[in-house]
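Each remark here refers to the structure printed beneath this line.
Residue numbers (my numbering): 1 to 254.
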């Protein structure tokens, strides 16, 4: 898709977390006990704090009427940015990058590409089954009307709030909308999640949680291309969901 928002950039944002996940097609047994030095070096170049930890996986199998459970211990290879603003986790099943102080998509891509490129070089038979990107925004603005969002959010998304006569008793107003764009899956969760749930809504917060992913037998080139496509779709949906007043709060870059 062509992205009309390519040039849009803000000095501030309402982002709470950005998550990029790559699921491997099959478990990489090598990573159960050790991470190849080449991959560890690449990880440390972008995420200089290493904190590996042990994890347990539980597998349940059924054979006729018998149920068997097996627990295995493996390692999670965890790395952080120097201020813990971002994290990288490599497990036998997946690679996960999380960012809690997001700067730009370009910076996220550079971090991810650097590690992924080395991962594919070190593991020649590596396969990928899923790649996804998720942006969690929480609009947190001043005001004493926690159900009134027309100044900040596309009012076409707000109809269900107005339909309730007993608004003072509302504890949560949340939607899930899912799309399939020729294989590109998008899950859009939005609304008033209410951090004080199940108490009635008092705080003025609105969630825009956008998740886009692709599933299949994916090559290294597919992964890179689909991360870009996921970002484009998420950016477009976000821009369509907010108003100029929200944009002004984020201070658009010139």
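Every residue gets a Cβ at the ideal spot worked out from N, C-alpha and C, and that includes glycine.
Note that this is a predicted model, so its numbers are computed, not measured.
Straight-line Cα distance separating residue j from residue i
i: residue 17; j: residue 103; result: 11 Å
i: residue 131; j: residue 227; result: 7 Å
i: residue 126; j: residue 62; result: 28 Å
i: residue 15; j: residue 129; result: 27 Å
i: residue 13; j: residue 65; result: 54 Å
i: residue 279; j: residue 235; result: Outside the shown range of the chain (1 to 254) lies residue 279, about which nothing can therefore be said.
i: residue 157; j: residue 148; result: 12 Å
i: residue 237; j: residue 68; result: 45 Å
i: residue 199; j: residue 168; result: 10 Å
i: residue 55; j: residue 178; result: 32 Å
i: residue 89; j: residue 164; result: 44 Å
i: residue 6; j: residue 29; result: 40 Å
i: residue 87; j: residue 166; result: 43 Å
i: residue 160; j: residue 48; result: 46 Å
i: residue 72; j: residue 36; result: 21 Å
i: residue 105; j: residue 248; result: 20 Å
i: residue 186; j: residue 151; result: 26 Å
i: residue 92; j: residue 110; result: 22 Å
Where residue i falls, given that 16 or more other Cβ within 10 Å makes a residue buried
i: residue 221; result: exposed
i: residue 39; result: buried
i: residue 60; result: exposed
i: residue 24; result: buried
i: residue 176; result: exposed
i: residue 201; result: buried
i: residue 191; result: buried
Local conformation of residue i per DSSP, three classes
i: residue 150; result: coil
i: residue 37; result: helix
i: residue 159; result: helix
i: residue 95; result: strand
i: residue 253; result: coil
Residue i and residue j closer than 8 Å at C-beta
i: residue 21; j: residue 96; result: yes
i: residue 121; j: residue 80; result: no
i: residue 224; j: residue 184; result: no
i: residue 53; j: residue 76; result: yes
i: residue 118; j: residue 42; result: yes
i: residue 305; j: residue 242; result: For residue 305 there is no data in the structure shown, the boundaries of the chain being 1 and 254.
* Please go through the region 39-77 and give each complete beta strand (DSSP E) segment of 3 or more residues, from N-terminal end onward. => 53-63
* To do: Only counting runs of 3 or more residues, tell me where the beta strand (DSSP E) segments fall wholly within the region 190-245, in order along the chain.
  => 205-218
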